[in-house]
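Data block below; observations after.
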Amino acid sequence: MRETGSFGVGAVVAACLAFLASAAASVEARAADSVSGKARVLNGDTLVVAGRVIGLYGVAAPGLKQTCLDGKAQSYACGTVAAKSLAAHLREATVTCRVRETDDYGRAVSVCLRDKEDLSAWLAEKGLAMADRRRGQAAYVGAETLAWGKRRGLWAGSFEDPTNRPRSAYNRSNAVADANKPETP
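The sequence shown maps to residues -31 to -1, 1 to 154 in mature numbering (1 follows the signal peptide of the UniProt record, and there is no 0).
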């Protein structure tokens, strides 16, 4: 006589193993969507963390070569100021970035935290970057409004809107400052 129950048990075991493998792959994929480590600043809204180029979600800082006018109508390198300010703020801190998407330039667009501080919010509150309203990314408008009201950073004078600036390819050789090394006078 043929046993009918053995095939059913085997199928159940196979299904359970397939489910466990799928769950493990899902956990691994979520872990891959997060990166942590010391940061190197490429510009005011782009970092390298653990070898991965990270674009800060929801903000746009002036380009490295961009100049702005301060409150006294004096020209200054606002893009370099944004990048160096971010590098000084990060120094030896560990940064954790949660990837949201990949942009057209290959950057992993991410919400990045230094301890519990959101770096995009910090940049917007200091007036070093603007809230990026493109593609529905208006998460930092409140922080930008705070900087505008207090005339901080870019808002102290006049500037070209960095959310409309052209972006060239990002690469590690363009780094303006290394957050792991203090500036030498």
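Note that CB positions come from ideal geometry on N, CA and C, so glycine has one too.
Which of helix, strand or coil does DSSP assign to residue i?
i	result
R69	strand
R21	strand
T36	coil
A116	helix
A77	strand
residue 189	In the structure as shown, the chain starts at -31 and stops at 154, and residue 189 therefore has no counterpart that could be examined.
R(-2)	Residue placement at R(-2) cannot be trusted, given a pLDDT of 41 that sits under 50; what the coordinates show is reported in the next sentence. If DSSP states are grouped into helix, strand and coil, R(-2) belongs with the helices.
A107	coil
A98	coil
S54	helix
T132	helix
L92	helix
By DSSP's criteria, residue i is part of a beta bridge. Which residues make up the other side?
i	result
K7	T63
R83	V64, E86
L16	V10, I23
S44	L38
S127	L38
Just to confirm, does residue i get its C-beta within under 8 Å of one of the non-hydrogen atoms of the ligand FAD?
i	result
A107	This structure simply doesn't include the ligand FAD, nor any ligand for that matter.
Residue i: which of the options sits nearest, CA to CA?
i	options	result
D39	Y109, R103, T132, L97	L97
A78	E86, G13, C66	According to the sequence as given, residue 78 is Val; it is not Ala. Nearest option by C-alpha distance: C66.
K89	A116, D73, L33, G75	For the sequence presented, residue 89 should be read as Ser rather than Lys. Cα-wise, what sits closest to S89 is A116.
T132	G13, R102, T49	R102
L82	T114, V10, R76, L59	L59
T71	K41, T15, A108, D130	T15
D130	C37, D87, D84, K53	C37
A46	P31, G20, T114, D87	P31
V86	A112, Y74, A42	In the sequence as presented, Val is not what sits at residue 86; that position holds Glu. Of the candidates A112, Y74, A42, the one whose C-alpha sits nearest the C-alpha of E86 is A112.
Is it the case that the Cβ atoms of residue i and residue j are separated by a distance below 9 Å?
i	j	result
V22	R76	yes
V18	K53	no
N12	A51	yes
(message) Taking contact to mean 3 or more Cβ pairs, one atom from each stretch, closer than 8 Å, check whether the region 22 to 30 and the region 92 to 102 are in contact.
(response) yes
(message) So, does the region 115 to 126 touch the region 1 to 10, judging by three or more C-beta pairs under 8 Å?
(response) no
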